[in-house]
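Residue 5 is where the sequence shown starts when you use the numbering used here, and the numbers rise one by one after that.
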Amino acid sequence: MKKVKAAIIGSGNIGTDLMYKLQGSDCLELTAMIGIDAESEGLRRAKSAGYRVFTNGIEDFVERPELADIIFDATSAKAHIRHAEILKDMGKTVIDLTPAAVGPFVCPPVNSGEHLESRNINMITCGGQATIPIIHAINEAADVTYGEIVATISSLSAGPGTRANIDEFTITTRRGIEEVGGADKGKAIIILNPAAPPILMRATVYCEVKHDDKEQIRESIMNMEKRVQGYVPGFRLKQEPLFDGNRVTVFVEVEGAGDYFPKYAGNLDIMTAAAKQAGEMAAKHLLGEKKVNKAVTMHETK
């Protein structure tokens, strides 16, 4: 299958793990990693893997736009605001892994095919990717009036970018709960747990619903669990959903694949796995556009 060229901005933990995930893509060809610290582990690994490495940030990519049509931004919300404008002017498709929320929200098992025309899509947050599918599943079966999530992650898996974006995390995740999950009103909380040894990512999903058909809700949740496991095998329910009147509580755990992160960093792993899914959808859409445009051009020249 023909591939679309891609590059990663950000050579930290998320960008590095994403690099390893993209190596297995059948429609994305990673060409470069763009960072600002020449001594970073991510850039060192990218160079060893044979990718082009840039150390002057996005300015380097501006000089070599032919290197990629799809850009994954794994920096910070503040940095992405600037990157988004530059990449928009360049006509690039952007997969935003920060909580900047410039473009429409995408959660692969819920709405991956809805924003293919957008040149900038946002992957919400790690907590959002782990919990919004469950809220959406409950909403499909029971109409969620209120959805609340509490995401608990190991302190060791929360790098500088995550810590700098705590406010953006809560705001963007809440919006995702409402706009993608379907809850009338949402709330999000994140907890950094310093336990040693480090804990796996865990999240509690609490919903209030209009219709309390327990069997239909349970079936919808179980089906969604399988869909998420299609690209995040370590995603699982900790136990059967709990029901109390019109309230539904679901406990989720996410174990990482161990591509680069330790397996306890499921919060980061689910984010890069979701970004890969979204990037592949965007790539297939771009390939389809090129095929159509080529056919039109050939027809016009006859």
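A virtual CB, placed ideally from N, CA and C, is assigned to each residue, including glycine.
Query	Result
Using a 10 Å radius around the Cβ and a threshold of 16 neighbouring Cβ atoms, would you call Gly-180 buried or exposed?	buried
Tell me which residues share the same chain as Ile-138 and place their Cβ nearer than 7 Å to its Cβ, disregarding the 5 neighbours each side in the sequence.	Val-209, Ile-225, Met-228, Val-254, Val-256
Taking only the alpha-carbon atoms, compute the straight-line gap between Lys-288 and Gly-249 and give it to the nearest angstrom.	44 Å
Apply the 10 Å Cβ neighbour rule to Pro-237 and answer buried if 16 or more other Cβ atoms are within range, or exposed otherwise.	exposed
Below 8 Å on the Cβ atoms is my guess for Ala-146 versus Asp-216; work out the distance and round it to an integer in Å.	7 Å
Determine the burial state of Gly-163: buried for a count of at least 16 other Cβ atoms within 10 Å of its Cβ, exposed for fewer.	exposed
Is the beta carbon of Val-148 less than 8 Å from the beta carbon of Val-213?	yes
Let me confirm a value: Met-23 is counted as buried when at least 16 other C-beta atoms fall within 10 Å, else exposed. Which label applies?	buried
May I have the straight-line CA-CA distance separating Phe-76 from Leu-241, to the nearest angstrom?	29 Å
Under 8 Å Cβ to Cβ from Cys-359, same chain only, skipping five residues before and after it: list those, please.	Because the chain spans 5 through 306 in this model, residue 359 falls outside it and cannot be assessed.
Let me know the secondary structure DSSP gives Tyr-268 once reduced to three states.	coil
Count the other CB atoms, across all protein chains shown, that sit within 10 Å of the CB of Val-66; report buried if there are 16 or more and exposed otherwise.	exposed
Got a sec, what are the start and stop residues for the alpha helix (DSSP H) Cys-130 sits in?	130 to 146
On the premise that Ala-187 lies in contact with Gly-151, defined as a C-beta separation below 8 Å, what is that separation, rounded to the nearest angstrom?	3 Å
Just the Cα atoms here: how many angstroms apart are Tyr-268 and Val-110?	24 Å
Please state whether the Cβ-Cβ distance between Thr-176 and Ile-128 is less than 8 Å.	yes
Please classify Ser-80 as buried or exposed, where buried requires at least 16 other C-beta atoms within 10 Å of its C-beta.	buried
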